[in-house]
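Counting along the sequence shown from 1, when you hit position 7 you're at 7 in UniProt numbering, and nothing is skipped either side. Some notes on the structure that comes next.
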Amino acid sequence: MKNSAHPTFADRKQHAAEAKKKLLEKFKTAPKLDDPELAAKRAEREAIAKAREARRIERERVKEETKARKAAELAEREAAARAAEAAEAAAREAEEKAELERHIAEEAAKKAERDARYAARKNRKR
């Protein structure tokens with residue numbers, strides 16, 4: 001009894017020849033490079049690629065515009081914050097200066113009062 005699970009050398013050779021023949025037929029029936037259908041598909045793929053590239057460029061442009069706008073807004077906020085800090089510092093400095101002048105005036109008034117008491121005491125002793 002012959003086992004069909006183990007093909008003979010002749011069977012294997014025949015199967016290989018058939019596979020080679022099918023592969024050769026496949027290449028013979030393949031469309032040529034100048035085939036109008038193939039050219040149309042190629043043109044369609046190129047159009048899709050160009051559209052994809054145009055969308056990518058547009059996305060990058062929008063991204064750059066957004067980045068520039070955010071940078072400008074940040075710079076504007078920082079400038080406003082610096083101006084507010086400068087105004088606050090100037091107001092604080094003016095307040096400190098006024099407080100210092102008030103303190104100096106109080107000290108001068110106290111000194112004048114002490115001097116007047118001292119002079120009055122000296123005048124009483126004479």
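Backbone N, C-alpha and C define an ideal beta-carbon position, used for all residues, glycine too.
Is the beta carbon of residue i within less than 7 Å of some heavy atom of the ligand ATP?
i, result
"residue 121", "This structure does not include the ligand ATP; it has no bound ligands of any sort."
Taking C-beta to C-beta, are residue i and residue j nearer than 8 Å?
i, j, result
"residue 31", "residue 23", "no"
Kindly indicate which three-state DSSP category residue i falls into: helix, strand or coil?
i, result
"residue 32", "coil"
"residue 8", "coil"
"residue 126", "coil"
Unbroken stretches of the alpha helix (DSSP H), 4 residues or longer, contained in the segment 24-88: Runs of the alpha helix (DSSP H) inside the segment 24-88: none found.
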